[in-house]
Amino acid sequence: MMEILAYAAFGLYVLIIATGGVIAVAARNLVRGLVGLIMTLFGVAGMYLLMAAPVMAFMQLLIYVGAVAVLIFIAIMLVRTGPDGDETRSRSAKEILYAFLGFAAPAIILGRVIIGNPVESVSSPTVVTVKELGKGLLGPYTLAFELISVVLLVAMAGAVLVAFERRLSK
Amino acid sequence: MNPLTLYQLVAIMLLALGLFGLIWRRTLIGMLICVELLLNGAGLSLVASGQLTKASAVLGQLGTLLIMGLAAAEATLVLAIVVIVVRRFQTSDSAAVSELKG
Chain A
243 MMEILAYAAF GLYVLIIATG GVIAVAARNL VRGLVGLIMT LFGVAGMYLL MAAPVMAFMQ
303 LLIYVGAVAV LIFIAIMLVR TGPDGDETRS RSAKEILYAF LGFAAPAIIL GRVIIGNPVE
363 SVSSPTVVTV KELGKGLLGP YTLAFELISV VLLVAMAGAV LVAFERRLSK
Chain B
6 MNPLTLYQLV AIMLLALGLF GLIWRRTLIG MLICVELLLN GAGLSLVASG QLTKASAVLG
66 QLGTLLIMGL AAAEATLVLA IVVIVVRRFQ TSDSAAVSEL KG
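In the order they appear, the protein sequences are chains A and B.
Following the working numbering, the numbering of the first sequence begins with 243 at its first residue and continues without gaps.
Following the working numbering, the numbering of the second sequence begins with 6 at its first residue and continues without gaps.
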């Protein structure tokens, strides 16, 4: 019974992710595309919950929906566009062909590899507590933790510097 | 099909959608949205590998946290670059930004 429920939830999340992804990629209006992206992010958060990783689901909502989506929204706001949308220029046949090849080739190759070489998997994952994650961050993975802090700091400082570029050069 | 394969296939779907959008999209911000899709696929794949195999679950989750941090940093920088491009070219169309200063 629980297994059927899990598969049903999985199917629901796949549906949410696929719908959101298609909207994010194909919507003419960028704000609608962003809403599609947020839908996908919620679907992926649901998958993390299904895999018994509630901390990751929380972080997904906090970082992606809370921070990155707002950043993208501000970017859309800063770019003034015409009344008939942002993606109005037409595409040549060559570009459409490249787009389809560009997503089909890696998807087919990776899909074949994954289906052809199934790895032994555990059906009931163990829950990782926040305590264990914290021990990992302060224990064996301290360097990665510190480096990502530096990367974030440099990215923020760089963004400020780049955005004030003109005023500096004068 | 075991659960891990199913999750990996969803991650591949996100990868494919992201790659497709990266080529399909005209504006820099549209491309940014697609990069976020790609990075989400990577995170999903990592957590699935950590949770559903005998590999260290902590490592998988911390790796995904790292990806989320990188995604945030990348979004910040792209926002700054888009601001500059719009100021110079009056559009965020990726084809308009094709001249080099030299």
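Glycine included, each C-beta is placed from N, C-alpha and C at the ideal position.
All values reported here derive from a predicted model rather than from experimental measurement.
Within the region 273 to 301 of chain A, Gly275, Leu276, Leu279, Thr282, Leu283, Val286, Met289, Tyr290, Met293, Ala294, Ala295, Val297, Met298, Met301 place their CB atoms closer than 7 Å to a CB of chain B, listed in sequence order. The Cβ of B/Glu104 sits no closer than 9 Å to any Cβ of chain A.
By alpha-carbon distance to B/Gly65, the top candidate from A/Leu303, A/Val297, A/Ile305 is A/Val297. One alpha carbon belongs to A/Ile357, the other to B/Leu11, and they sit about 9 Å apart.
No Cβ-Cβ contact shorter than 9 Å links A/Leu257 with A/Ala266. Contact between the region 311 to 322 of chain A and the region 384 to 399 of chain A is absent: fewer than 3 CB-CB pairs across the two stretches fall below 8 Å. DSSP places B/Thr58 in the coil class of the three-state scheme, outside both helix and strand. Between the alpha carbons of A/Val273 and B/Ser97 lies a distance of about 15 Å. According to the DSSP assignment, A/Ile314 belongs to the alpha helix (DSSP H) that extends over 311 to 320. Looking at the backbone, the Cα of A/Ile338 and that of B/Leu20 are separated by about 18 Å. In the structure shown, B/Thr96 adopts coil according to DSSP, grouped into three states. When Cβ pairs closer than 8 Å are counted between the two stretches, the region 73 to 80 of chain B is seen not to touch the region 21 to 32 of chain B, the count staying below three.
Listed as beta-bridge partners of B/Thr32 by DSSP are B/Asp98.
For B/Val83, the closest C-alpha among the options B/Gly46, B/Ser50, B/Leu51, B/Val40 is that of B/Val40. Three or more Cβ pairs closer than 8 Å define a contact, and the region 52 to 61 of chain B meets that threshold against the region 364 to 373 of chain A. Taking a beta-carbon distance threshold of 9 Å, A/Leu313 counts as an interface residue toward chain B.
With fewer than 16 other Cβ atoms from the protein chains shown falling within 10 Å of its own Cβ, A/Val402 counts as exposed.
Between B/Val87 and B/Leu33, the beta carbon gap of about 5 Å places them in contact (Cβ cut-off 8 Å). Shown here, B/Asn7 sits in coil according to DSSP, grouped into three states, outside any helix or strand.
Selection A/Phe345, A/Ala299, A/Glu362 evaluated against A/Val372 yields A/Ala299 as nearest (Cα-Cα). The three-state secondary structure of A/Asn359, taken from DSSP, is coil. Distances from the alpha-carbon of A/Gln302 to those of A/Tyr255, A/Val286, A/Ala269, A/Leu395 put A/Val286 closest. Contact between A/Gly288 and A/Tyr255 holds: CB atoms are separated by about 4 Å, below the 8 Å threshold. Nearest Cα to B/Asn7 within the set A/Phe406, A/Ile351, A/Val361: A/Val361. About 4 Å separates the beta carbons of B/Ala16 and B/Ser50, which is inside the 8 Å limit, making them a contact pair. Scanning the region 254 to 298 of chain A for uninterrupted alpha helix (DSSP H) segments of 4 residues or longer gives 272 to 292, listed from N- to C-terminal end. Here the alpha carbons of A/Met243 and B/Thr69 stand approximately 31 Å from one another. DSSP places B/Leu105 outside both helix and strand once states are collapsed to three, so it counts as coil. In terms of Cα proximity to A/Leu247, the closest of A/Leu276, A/Met398, A/Val277, A/Leu292 is A/Leu292.
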